[in-house]
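Single-structure report; data block below.
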Amino acid sequence: MQRRLRIGTRGSKLALIQANDVAVRIGRALGLPAEEAAEIVVIKTTGDRVQDRNLSELGGKGLFTKEIEDALTDGGIDLAVHSMKDMPTVLPDGLVIDCILERVDPRDAFLSAKATSIATLPKGAVVGTSSLRRGAQVKARRPDVTIVPFRGNVDTRLQKLADGVADATLLAMAGLTRMGLLDKVTAPLSTEEILPAVAQGAVGVERRTHDDEVGELLQRLHHVETGLRVAAERAALAVLDGSCRTPIAALAIIEGKKLAMRAMILTPDGSEVIETSREGLASDAIAIGTDAGAELKSRAGPHFFDGY
1 MQRRLRIGTR GSKLALIQAN DVAVRIGRAL GLPAEEAAEI VVIKTTGDRV
51 QDRNLSELGG KGLFTKEIED ALTDGGIDLA VHSMKDMPTV LPDGLVIDCI
101 LERVDPRDAF LSAKATSIAT LPKGAVVGTS SLRRGAQVKA RRPDVTIVPF
151 RGNVDTRLQK LADGVADATL LAMAGLTRMG LLDKVTAPLS TEEILPAVAQ
201 GAVGVERRTH DDEVGELLQR LHHVETGLRV AAERAALAVL DGSCRTPIAA
251 LAIIEGKKLA MRAMILTPDG SEVIETSREG LASDAIAIGT DAGAELKSRA
301 GPHFFDGY
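In terms of my numbering, the sequence shown has 169 at position 169, counting the first letter as 1, and numbering is strictly consecutive.
Right, dumping it as structure tokens:
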């Protein structure tokens, strides 16, 4: 590698932790200190700028990626680091994600000073989250609770909880782990209780398709098992045409050569839940995810989200 790579990222504390982790891994692969191998370029996205509305009102997952991908396409950066759960299933022409780091805990965390679990929340409690997926699954279990929007980075949402804006909130265990905030977790939520977002806990590195030099380097960072798990989940999402307007959850697990996957689609109010599961060879990850998504789409029918 004859150049110092420019890594594009959002500016949140968590995003910077992830980008710096990639810089360290690149440096290790090249036998260089991280600061000599790469520099971090912070890019503000629409999703970061607009904090007073739910993502579903603003237009979906691309809110956290468009400006970064524009910089990558234009040559302003050499690669981009993303939380894979933020990524649309269709990437811009000329860009590819073929490097995914080993997944961290994909579960959601329950945080509250008033209860130890969703089940023990007081009747009529207020739960803060801007994730339709989380809100829908909470409502499916506790129709009596009220869901209020909780935008902002992890620190902002923790402060809102401390200020009493809500009685509880849900955050990703992966983000709290990376930020050293596991002491804030009241309880991890099992994947049986709350099924995670597609690719939650996985970090992907995006590059220009024809940048073979970067591509060869990033293959040394790629975690194959995580890549297969994420491929299955994103394949289901692609069939469902998922966006931030659609409560969709999925999780694939690999044991040996076998992949097992659960996928779920809900109405935003949690009143209807459709779930399926699949098992097969991990090498067939995309086909397994595609099949699961097709079943959910067929069972939901064309009017599943009418009125929302």
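Positions of the beta carbon are idealized from the N, C-alpha and C atoms, including for glycine.
Remember, it's a predicted structure, so these values are computed and weren't measured experimentally.
In this structure, the straight-line span from the alpha carbon of M1 to that of E216 is close to 10 angstroms.
The beta carbon of K66 sits closer than 8 angstroms to the beta carbons of T45, T46 from its chain, once the five residues preceding and following it are set aside; these are given in chain order. When the alpha-carbon of H223 is set against those of C99, R28, D86, the nearest one is in C99.
Excluding sequence positions up to five before and after I194, its CB lies within less than 6 angstroms of the CB of D108, Q137, all in the same chain and listed in chain order. Counting only the Cα atoms, L181 lies some 25 angstroms from P122. A contact between stretches requires three or more CB pairs, one per stretch, nearer than 8 angstroms, and the stretch 203 to 211 meets this requirement with the stretch 92 to 106. Here T177 is not near L101, since their CB atoms are 8 angstroms or more apart. At a Cβ-Cβ threshold of 8 angstroms, A292 and T276 count as neighbours. Beta-bridge annotation (DSSP): M261 is paired with A252, R278. Pairing N20 with I43 gives a Cβ-Cβ distance that is not under 8 angstroms.
In this structure, G27 keeps its C-beta atom at 8 angstroms or more from the C-beta atom of A15.
In the DSSP assignment, I286 falls within the unbroken alpha helix (DSSP H) covering 285 to 300. In the DSSP annotation of this structure, G204 is not part of any alpha helix (DSSP H); the continuous beta strand (DSSP E) holding it starts and ends at 203 to 208.
For the pair P302 and E272, the Cα-to-Cα distance works out to about 14 angstroms. If you check the CB distance, V126 and V154 do not come in under 8 angstroms. Between V239 and A294 the beta-carbon gap is near 5 angstroms, inside 8 angstroms, which marks them as a contact. Note on P88: 16 or more other CB atoms within 10 angstroms of its CB, so buried under the neighbour-count rule. For K114, the CB contacts under 6 angstroms within the same chain, skipping 5 residues up- and downstream, are D167 in chain order.
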